[in-house]
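To start, the structure under review is shown below, and the notes come after it.
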Amino acid sequence: MGAESEPAREIGKFFQLFSLLFSRFFLVFGRRDGKIPSWPVVIFRLDGFMALYLSDNDVIDRVLAHIKNGTTDRGETVWQEPVENYVRQDRLDKERALFRRFPTAACPSAAIRNHGDYITYAAAGTPLIITRGKDGIARGFKNACRHRGTKIAKDHGCVGAFVCPYHGWSYGLDGALLGVPHEDGFPELDKSKLGLAEVTVIEKGGLVYVVQEDGIENPESLLDGLPEFFTDEQEMFAKADGIVESNWKLFLESFIEGYHIKPAHGKTFYPFGYDNLNVIEMCGAHSRITYPFRRIEKLADVPADKRDATGSLSYLYQMFPNVIISQLTHHTTLGILEPMDTDRTKFTTYSMTHTRGQADKKSALENARRDREFVSQTGQEEDIDLVEASQQALRSGANTHFTFGHFEPCIVHFHQQMARFI
Ligand code: FES
Ligand SMILES: [Fe+2]
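Below is the structure:
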């Protein structure tokens with residue numbers, strides 16, 4: 008992958024071999040306690056795939072070469088995924104357990120910009136609160152009162168402290184139990200031991216991630232190589248959630264291949280794009296797929312240092328396991344796929360403006376809104392119809408396996424990582 012020089016290719020091959028040997032070592036001598044050391048991922052990053060993504064200019068060059076040659080990036084592996092992995096409850100239980108060990112995005116930093124801002128959501132079935140303390144630090148807690156367990160916060164907002172709606176116990180932004188009404192009813196109560204149950208929060212690249220459970224050494228290293236997704240300049244202009252009536256993986260797969268663009272989006276995305284033409288990159292367990300627009304051809308005659316990729320391509324990052332980031336012309340959307348059941352997925356999106364290079368923030372906002380409306384009312388609806396139709400036939404027995412070919416390498420990579428970590 009990538010327009011690599013000869014020495015870089017040689018180094019890549021060396022690491023590929025090195026990685027292969029090491030991963031075999033890991034398979035044979037891996038830990039027996041079920042915990043996953045993070046180093047195989049780090050090594051995998053060197054595994055022929057570059058850890059850092061190509062520059063816009065290199066992506067443009069690669070797309071232009073594909074247009075000229077009638078080619079696209081191809082994966083090496085054809086993958087067969089058992090259909091039972093989309094329908095079985097015990098498989099979903101294992102996937103949720105994996106979600107709890109991995110750093111998974113909760114929201115953009117902008118969703119909790121100020122002290123006391125909070126959001127609530129469920130991750131792998133666990134109700135969580137993400138909030139920013141008076142010290143500016145983002146923290147995460149299980150959204151469960153330490154008295155009798157009800158949720159202490161709803162939706163989102165800004166508070167000085169959380170007060171449980173049931174009997175009024177109150178908690179600070181750092182999770183400490185502050186007050187208990189009629190405290191003499193609990194003579195043995197040690198308030199210092201009854202703070203909210205905390206989960207690990209990592210704030211990086213404009214995103215807040217949560218790690219709910221131990222099991223991976225240095226989980227932050229799984230985010231190595233990911234770009235700075237959001238800066239303070241970008242404004243969060245929309246949040247939405249909805250239910251897709253399909254297994255979360257069927258829905259995820261629809262984002263990360265361009266093989267379906269012409270047949271599935273013939274009147275919406277395809278007129279602006281290409282049939283089966285993508286650039287594919289892997290970064291650890293994650294991947295990025297580039298969807299070029301036809302306007303990119305105008306850049307063929309523009310010198311490299313004068314090119315601007317805006318409007319000529321969009322990037323779709325898949326952050327393993329259940330998050331996507333879609334960078335379009337005028338906005339970027341973070342999308343979180345939360346399995347509600349084997350056949351239902353909650354899809355939560357946060358949309359951010361692009362203000363880079365746009366002095367006029369009002370027009371940046373208008374452009375972002377228009378951009379988002381176009382995507383959500385056209386191509387996304389088409390994808391949802393298709394994946395829900397796949398779901399309806401999932402238990403029909405028509406397929407024992409799904410086959411992902413050379414033009415679906417991000418999906419193959421995703422399933423390889425699932426198989427590796429689950
Ligand atoms: S359950 Fe929260 S105060 Fe009783
Ligand atoms: Fe699609």
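Numbering follows the working numbering, with no gaps: position 57 of the sequence shown is 64.
The C-beta atom is built at its ideal place from N, Cα and C for all residues, glycine as well.
As the structure is a computational prediction, the values presented were derived from the model and not from experiment.
Through-space distance from residue j to residue i, alpha-carbon basis
i: cysteine 165; j: aspartate 181; result: 14 angstroms
i: aspartate 282; j: leucine 214; result: 33 angstroms
i: glycine 192; j: aspartate 100; result: 40 angstroms
i: threonine 111; j: valine 206; result: 12 angstroms
i: phenylalanine 327; j: methionine 289; result: 11 angstroms
i: valine 49; j: methionine 425; result: Unreliable positioning characterises valine 49 in this predicted model, as indicated by a pLDDT of 34, which lies under 50. A coordinate reading is not provided.
i: alanine 400; j: glutamate 345; result: 21 angstroms
i: histidine 337; j: lysine 313; result: 20 angstroms
i: threonine 133; j: aspartate 378; result: 33 angstroms
i: leucine 61; j: tyrosine 277; result: 24 angstroms
i: arginine 103; j: proline 226; result: 16 angstroms
i: arginine 95; j: glutamate 220; result: 23 angstroms
i: threonine 79; j: arginine 69; result: 9 angstroms
i: leucine 335; j: glycine 222; result: 35 angstroms
i: isoleucine 4; j: isoleucine 429; result: Nothing in the structure corresponds to residue 4, since the chain is present only between 8 and 429.
i: aspartate 97; j: aspartate 348; result: 11 angstroms
Pair within 8 angstroms by beta-carbon distance, residue i and residue j
i: lysine 253; j: aspartate 350; result: Contrary to the premise, residue 253 reads as serine rather than lysine in this sequence. Their beta carbons are under 8 angstroms apart, which means serine 253 touches aspartate 350 by this criterion.
i: alanine 113; j: phenylalanine 237; result: no
i: valine 85; j: threonine 410; result: yes
i: arginine 155; j: tyrosine 178; result: no
i: threonine 385; j: threonine 297; result: no
i: lysine 141; j: asparagine 150; result: no
i: leucine 306; j: isoleucine 67; result: yes
i: glycine 123; j: glycine 167; result: yes
i: isoleucine 418; j: glutamate 264; result: yes
i: phenylalanine 244; j: serine 358; result: yes
Environment of residue i [buried if 16+ CB atoms lie within 10 Å]
i: glutamate 88; result: buried
i: glutamine 325; result: buried
i: serine 321; result: buried
i: leucine 59; result: exposed
i: isoleucine 287; result: buried
i: proline 188; result: exposed
i: serine 403; result: exposed
Span of the alpha helix (DSSP H) around residue i
i: aspartate 248; result: That residue, aspartate 248, is in no alpha helix (DSSP H); its beta strand (DSSP E) goes 243 to 251.
i: histidine 189; result: Careful: histidine 189 lies outside any alpha helix (DSSP H) and carries neither H nor E.
i: phenylalanine 258; result: 255 to 262
i: proline 416; result: 416 to 428
Range of the contiguous beta strand (DSSP E) that encloses residue i
i: leucine 281; result: It should be pointed out that residue 281 corresponds to tyrosine in this sequence rather than to leucine. Here tyrosine 281 belongs to no beta strand (DSSP E), and DSSP marks it neither H nor E.
i: glycine 167; result: Segment: none, glycine 167 is in no beta strand (DSSP E) and carries neither H nor E.
i: phenylalanine 106; result: Note, phenylalanine 106: premise wrong, no beta strand (DSSP E); alpha helix (DSSP H) at 96 to 108.
i: histidine 337; result: Element bounds for histidine 337: n/a, residue is neither H nor E.
For ligand 1, which residues have a Cβ under 5 angstroms from at least one heavy atom, in chain order? Cys152, His154, Arg155, Thr157, Cys171, Tyr173, His174 and Trp176
Can you list, in chain order, every residue whose CB sits closer than 6 angstroms to a heavy atom of ligand 2? Ser261, His267, Ala271, His272, Gly386 and Asp390
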